[in-house]
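Only one structure is covered here, and it is reproduced in the block below.
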Amino acid sequence: QAAVSLPTGLDNVPVISKMLHHMLGISDRDITSAINSPQAHEAVIPAANIYCSAEEVCRFYQMLLDKGLWQGQAVFKPNTIAAATQRGKLLFDHSAKAPMRYSAGFMTGEKLWSIFGANTAQAFGHLGFINILCWADPARDISVAFLNTGKSLAPEGFIGFANVTSTISSVFKVK
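Just so you know, the sequence shown maps onto residues -12 to 162 in the working numbering.
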């Protein structure tokens, strides 16, 4: 059974609230009840939210780093992973209000800095709802699952989030 999500942080950050309303079409106050609904928990939606532990997410990304093998069993073909992680063009993402590069299946990193930290050109993963970020970085041979249970919309939360990814990039050097 999944834990019930509750809003944390400041009640109303107008800029963030407006951005969420633009992206999702509902107010920030309605988001929590929408994601806690039985329909949301039971829906089959490709490329949408999942429920899993950090270990399970890292197991998935590590399997991608291992060319599709998990415990000696082929789960994906290497060419499927190559196609899903091939970097596309750097474009302005109007939802994120920032330049982003995508592959066919993931957000991808950048040489200077990306949501995955500094010098993450080979990284691929995805940003979840607000303070959730999961990725693999073949250059560092790591998989990361940052699953924050809080959904704070406070701007200082985003600064802390950037500090976490930057620290991981500096501690785990490119091989």
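Just so it is clear, CB atoms sit at the ideal spot from N, CA and C, and this is done for glycine as well.
Classify residue i as helix, strand or coil using the three-state DSSP reduction.
i, result
"G112", "strand"
"S14", "coil"
"I250", "Residue coverage of the chain in this structure runs from -12 to 162, which leaves residue 250 outside it and unanswerable."
"Q(-12)", "Here the model assigns Q(-12) a pLDDT of 49, short of 50, so the residue's position is not dependable, and the following value carries that caveat. In this structure, Q(-12) counts as coil in the three-state DSSP scheme."
"F133", "strand"
"A27", "helix"
"C121", "strand"
"V151", "helix"
"C45", "helix"
"V158", "helix"
"A21", "helix"
"S40", "coil"
Please name the residue in the options whose C-alpha comes closest to that of residue i.
i, options, result
"I102", "V151, R127, A27", "V151"
"F148", "S157, F133, K162, C39", "F133"
"A110", "P25, L52, A61, H9", "L52"
"G92", "M10, A71, K84, W100", "A71"
"D80", "V161, V158, F159, M6", "M6"
"P1", "D15, S153, E42", "D15"
"G75", "P125, M94, I146", "M94"
"N135", "F63, T67, G115", "G115"
"Y48", "T154, H8, L120, W100", "L120"
Any C-beta of chain B sitting closer than 8 Å to the C-beta of residue i?
i, result
"R16", "Looking for chain B here will not work: only one protein chain is present."
Rounded to a whole number of angstroms, what is the C-alpha to C-alpha distance between residue i and residue j?
i, j, result
"G104", "A21", "31 Å"
"R87", "I18", "Looking at the sequence itself, residue 87 is Met, so the reference to Arg does not match. Answer to the nearest angstrom: the Cα atoms are 24 Å apart."
"C39", "N118", "15 Å"
"Q(-12)", "L77", "In this prediction, Q(-12) scores a pLDDT of 49, lower than 50, which makes its location untrustworthy; the coordinate-derived value is nonetheless stated afterwards. Their Cα atoms are separated by approximately 39 Å."
"S4", "S24", "21 Å"
"A30", "A61", "28 Å"
"G96", "Q73", "11 Å"
"A41", "A69", "24 Å"
"A85", "Q58", "38 Å"
"A27", "K54", "32 Å"
Tell me, to the nearest whole angstrom, how far the beta carbon of residue i is from that of residue j; I am working on the premise that it is less than 8 Å.
i, j, result
"C45", "S156", "The pair is not a contact, with the Cβ atoms about 17 Å apart (cut-off 8 Å)."
"D128", "K98", "Wrong, their Cβ atoms sit about 18 Å apart, outside the cutoff."
"G112", "A126", "That pair is no contact at about 13 Å."
"M10", "S82", "5 Å"
Q: Report the residue ranges of all beta strand (DSSP E) runs contained in full by the region 49 to 100; include only those spanning at least 3 residues, in chain order.
A: 77 to 80, 85 to 89
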